[in-house]
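Under my numbering, the sequence shown has 89 at position 89, and the numbering climbs by one with no breaks.
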Amino acid sequence: MMKGVIIQNMSFKVGQTMTIVGVAKPDAGDFAVNIGPNKEEIVLHINPRFNAHGDENTVVCNSYQGGIWCEEHREGGFPFSQGEEFKIIIEFTPTEFLVTLPDGSNIHFPNRMGAEKYSITNIEGDARLCSFEIK
């Protein structure tokens with residue numbers, strides 16, 4: 001299921017914060033950050049869409065469980081620009097992921113699988129990863 005840059009065996013646990021810095025390609029359609037327990041399931045899918053899947057300038061969050069996409073979650077603006085650097089900060093609490101977008105706005109996304117740690121992170125699509133940190 002996952003493609004692009006896959007970071008494995010680096011657990012993301014409740015109480016930790018993940019920081020991802022990247023650059024969207026100049027002609028980016030979309031990119032995604034995925035966090036999950038394995039390569040087949042995704043607990044948090046963050047998908048900034050410049051112009052993809054019928055959406056323009058929209059951030060879509062979702063999860064993928066048991067071979068199907070769950071209910072999409074859309075909130076907030078679109079603080080991403082093609083060809084520009086971005087920083088996404090994800091705080092992992094016992095009940096949710098608090099996602100801070102480049103403009104400081106937040107998305108609250110539930111921890112739908114309920115686990116206290118996830119071991120795979122993936123960045124795919126029209127963006128280049130510059131740095132990745134969990135602390």
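Every residue, glycine too, gets a C-beta built ideally from N, C-alpha and C.
Predicted, not measured: the structure shown is a model, and the values here were computed from it.
Quiz item: Mind checking whether residue 38 and residue 131 have CB atoms under 9 Å apart?
Solution: No, Cβ-Cβ distance for residue 38 and residue 131 is not below 9 Å.
Quiz item: Going by Cα to Cα distance, which pick from 32, 19, 3 and 14 is closest to residue 110?
Solution: 14
Exercise. Could you have a look at residue 55 and say whether DSSP puts it in helix, strand or coil?
Key: Strand, per DSSP.
Quiz item: When you compare each of 101, 94, 59 and 123 to residue 115 by their alpha carbons, which one comes out closest?
Solution: 94
Quiz prompt | residue 85 to residue 67 span [Cα, whole Å] | solution = Take the alpha-carbon of residue 85 and the one of residue 67: they are about 32 Å apart.
Quiz item: If we count the other Cβ atoms within 10 Å of its Cβ and call it buried at 16 or more, is residue 18 buried or exposed?
Solution: buried
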